[in-house]
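Read left to right, the sequence shown gives residues -23 to -1, 1 to 238 (mature numbering (1 follows the signal peptide of the UniProt record, and there is no 0)).
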Amino acid sequence: MKSLLSQTFLALSLSLTISSVSAQFKINTKTISAGEKGFKAATFSDADAAKLASEAVTWMDAHNPVASPTDPYTVRLNKIFAKHQHQDGLNLNYKVYKVKDINAFACADGSVRVFSALMDMMTDEELLGVIGHEIGHVAHKDSRDAVRAVYKREALTDAASSQSSVVNTLSESQLGTFAGALLDSRYSRKQESEADDYSYDFLKSNSYKVTALASAFNKLAALETSSGTTQSKSQKMLSSHPGSADRAAKVIAKAKKDGLA
């Protein structure tokens, strides 16, 4: 997910995870010095990750144009995704950011955010494939690990709390820094591949076309070879994921093996 809020934005997390933020974010540019700050990773729990992710997403929601409940984008997302809010026992919440960047991300607290520009270029089932990938990162704890890694790297804790099992609530300036670093997080190829498999199984188990995931990847692949404005709007998402064309080919091969293509 790379330079947070400067020119272009975010996280498909096609993480499609958290994967990186855009000019829409008015980030506080105060820096946080690591100094003597420390972090006790062993004390960092799933609840800690969810708490910090929730704070970061709340900050992002406040600094981005969120589609209203009656907005056509929200209505569409409700129609195709509301039934999956508790996928695999997760408690997912979702919103649409009305921005020109092409992206989507999911965080450790179950927050799913989809960009309107991504919705514009995807069919319903393709969009579900992308969202399914992001949910995969949450289900596999990749999102939790990303939060922990960023918290540790940014040393967002003081000397007193570093020896405590309690994760502090972040300040406004820290939230901006944390959100940006979180969206810049990269997953390993193994994690990305596993999230792709999760999305495939998600589509298959819910009787959607599994090939929709491949067509979504192919659309992203087309962006990878484009230039100019379109590329700049999608570079954040593309920079944080493996080659989309190769991923599409793997999906098709798997679908053929399953007799679904």
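Glycine is no exception: its CB is placed at the ideal position from the N, C-alpha and C atoms.
Supposed close pair residue i, residue j - CB separation, criterion 8 Å
i	j	result
A193	L180	The pair is not a contact, with the Cβ atoms about 10 Å apart (cut-off 8 Å).
N70	V89	7 Å
L160	F82	7 Å
H117	Y177	That belief does not hold up - the Cβ atoms of H117 and Y177 are roughly 14 Å apart, past 8 Å.
K196	M98	6 Å
A198	A225	6 Å
A26	F155	Contact flag wrong, Cβ pair sits at about 12 Å.
V124	A85	5 Å
Secondary structure of residue i, DSSP reduced to three states
i	result
T154	helix
K118	coil
T20	helix
T146	coil
L160	helix
K231	helix
A222	helix
L237	coil
Closer than 7 Å: residue i CB and nearest the ligand ZN heavy atom
i	result
K28	Absent from the structure shown: the ligand ZN. Ligands present: none.
Local Cβ density within 10 Å of residue i, reported as buried at 16 or more and exposed below that
i	result
A24	exposed
S162	buried
A39	exposed
A30	buried
S183	Before going further, note that residue 183 is Asn rather than Ser in the sequence given. Exposed.
T47	exposed
V73	buried
A94	buried
A230	exposed
- Message: Which runs of the beta strand (DSSP E) at least 3 residues long sit entirely within the stretch 37 to 113? Give them in chain order.
- Response: 70 to 74, 81 to 83, 88 to 92
- Task: Count the C-beta pairs between the stretch 169 to 189 and the stretch 109 to 124 that are closer than 8 Å, then say yes if the count reaches three, no if not.
- Result: yes
- Inside the stretch 162 to 202 only - alpha helix (DSSP H) runs reaching at least 4 residues: 166 to 182, 188 to 201
- Query: How do the stretch 97 to 106 and the stretch 145 to 153 stand: do at least 3 beta-carbon pairs fall below 8 Å, yes or no?
  - Reply: no
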